[in-house]
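Have a look at the structure below before the remarks.
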Amino acid sequence: MEGVANLRVYYNGEVITNTHEGVTFVCKCPLSFAIPCTIGFVELQNGLCNNIQSHILKRVSNLLYRSPVQVFGGLIQFQIIPIIDDASMQQMLYIYQQIRSHVPMIELEDEFEANYKVDDKNDDGDLVGNPAVQDEANAIVSQHPFGVPSFMWTLDLEAMYPPEFPEYANTGEGNVAAEDGEFSVGIEFGSRESVISAIKSYTISRGVDYTVYESEPQTFYAKCKGYGAGCDWLIQASLIRKKACWEIRIYNGKHTCTMGTISQDHAKLDPDTIADAIRPLVEADPSIKVKSVIAEVQGKFNYTVSYRKAWLAKQKDVAKIFSDWEVS
Numbered sequence: 001m002e003g004v005a006n007l008r009v010y011y012n013g014e015v016i017t018n019t020h021e022g023v024t025f026v027c028k029c030p031l032s033f034a035i036p037c038t039i040g041f042v043e044l045q046n047g048l049c050n051n052i053q054s055h056i057l058k059r060v061s062n063l064l065y066r067s068p069v070q071v072f073g074g075l076i077q078f079q080i081i082p083i084i085d086d087a088s089m090q091q092m093l094y095i096y097q098q099i100r101s102h103v104p105m106i107e108l109e110d111e112f113e114a115n116y117k118v119d120d121k122n123d124d125g126d127l128v129g130n131p132a133v134q135d136e137a138n139a140i141v142s143q144h145p146f147g148v149p150s151f152m153w154t155l156d157l158e159a160m161y162p163p164e165f166p167e168y169a170n171t172g173e174g175n176v177a178a179e180d181g182e183f184s185v186g187i188e189f190g191s192r193e194s195v196i197s198a199i200k201s202y203t204i205s206r207g208v209d210y211t212v213y214e215s216e217p218q219t220f221y222a223k224c225k226g227y228g229a230g231c232d233w234l235i236q237a238s239l240i241r242k243k244a245c246w247e248i249r250i251y252n253g254k255h256t257c258t259m260g261t262i263s264q265d266h267a268k269l270d271p272d273t274i275a276d277a278i279r280p281l282v283e284a285d286p287s288i289k290v291k292s293v294i295a296e297v298q299g300k301f302n303y304t305v306s307y308r309k310a311w312l313a314k315q316k317d318v319a320k321i322f323s324d325w326e327v328s
């Protein structure tokens, strides 16, 4: 397998499951590298130890790959694949090469552990290491001396891709949303579709609505429908090439218009959104009645959609499930 892969490593961080993208990795300071696609499992482990906090004696104890999976509608979700040997390494690199136009970077969660343990105390009450275990650890280090391996080098992403919107550059950590479910500048998404989906879900759950002011391949910009008439809510997300992700660049806080004003149906609860929500039901029973679809939507979103909208959503799912693109 030829070529070079871009790698982002989240070390000793957190794995967040059940997000809108499936699985998300978070850490204080992820690092980016370039690796050859011929790299082996042991080589990668040694390279990570050599390049991340190399002054600490350690080894890789757990390595997880955030693997992209294309689902219905072209959306991308992420699941975890443990990287444990050369075979799983090759699987990861194969997936990367197949989908790199949509997901241009491999994401790994790397957990380290010390190569030797520390005894509680010696006779004088001082903390000491176990000499025998420490000698063994030193032997391991001598076999793989620290240094920058020729097969792995750090990417200077700032130099490669200058910020598109420096005036709105995020100066803090933005990987985690606020406790109240609001967006914040710096929150990252894996794709344009996931950004729009998150904004739709936010809007539907709060009973408000927005107007799209700009929708381009690299930018999505929306304002509250009541913008300038009692509410100044707006949001802008952009593709950040240096991070290979989408990021909230402008956000001015909560809606100040009346919440929950949409009582029956919601414009953003369109057939595509409904189809995504009910797909498991249609997969289990393609003959499911439309009234059952309406009830499912009411239970999930607290809105009663029209018969036609529910019917269209079901037809979309049936078409995709059975690869019949001629929706009647």
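As numbered in UniProt numbering, residues 1 to 328 make up the sequence shown, in order.
Ideal Cβ placement from N, Cα and C applies to all residues, glycine included.
Sorting S287, T24, I83 and N302 by C-alpha distance to the C-alpha of E43 places I83 at the top.
Secondary structure note for N18: its beta strand (DSSP E) is the uninterrupted segment E14 to T19. Contact fails between the segment 43 to 58 and the segment 93 to 105, because fewer than three Cβ pairs, one in each stretch, are under 8 Å apart. It is roughly 22 Å from the alpha-carbon of D265 to the alpha-carbon of V282. Assignment of beta-bridge partners to W246 by DSSP yields F189 and L239.
According to the DSSP assignment, S184 belongs to no alpha helix (DSSP H), since it is labelled neither H nor E.
In the structure shown, V282 falls within a helical segment according to DSSP collapsed to helix, strand and coil. By the Cβ criterion, the segment 27 to 37 is in contact with the segment 2 to 9, since at least three pairs of Cβ atoms, one from each stretch, lie closer than 8 Å. The C-beta separation of A267 from D209 comes to about 6 Å, placing the pair in contact by the 8 Å criterion.
Ranked by Cα distance from N62, the options D86, R100 and E113 are led by E113.
The way I'd put it, the segment 244 to 254 does touch the segment 181 to 190; three or more beta-carbon pairs between them come closer than 8 Å. When the alpha-carbon of V318 is set against those of P286, V290, G228 and Y96, the nearest one is in P286.
Looking at A244, T304 and T19, the one whose alpha-carbon comes closest to that of Q77 is T19. I288 places its beta carbon 9 Å or farther from that of K316. Straight-line spacing of the CA atoms in I80 and G190 works out to 15 Å. Taking the Cα of C37 as reference, the smallest distance to any Cα among I52, S88 and N50 is reached at S88. Distance from the CA of V23 to the CA of S197, rounded to the nearest whole angstrom, comes to 16 Å. By the Cβ neighbour-count rule, A275 is buried, with 16 or more other Cβ atoms within 10 Å of its own. Straight through space, the alpha carbons of I95 and L108 are spaced by roughly 14 Å.
Straight-line spacing of the CA atoms in G3 and P271 works out to 41 Å. Taken atom to atom, the span from the alpha-carbon of V297 to that of G207 is near 15 Å.
Its Cα nearest to that of Q70, the residue I99 stands out among Q90, I99, K300 and Y202. With fewer than 16 other beta carbons inside 10 angstroms of its own, N302 counts as exposed. Judged by beta-carbon spacing, I199 lies within the 9 Å limit of F220, meaning their Cβ atoms are closer than that value.
For S61, the enclosing beta strand (DSSP E) stretches over residues K58 to Q70.
Our two residues, M92 and Y307, have alpha carbons roughly 44 Å apart in a direct line.
Boundaries cannot be given for K225, as no beta strand (DSSP E) includes it and DSSP labels it neither H nor E.
Rounded to the nearest whole angstrom, the C-alpha separation of Y227 and A237 is 18 Å.
For S287, there is no enclosing alpha helix (DSSP H), since its DSSP letter is neither H nor E.
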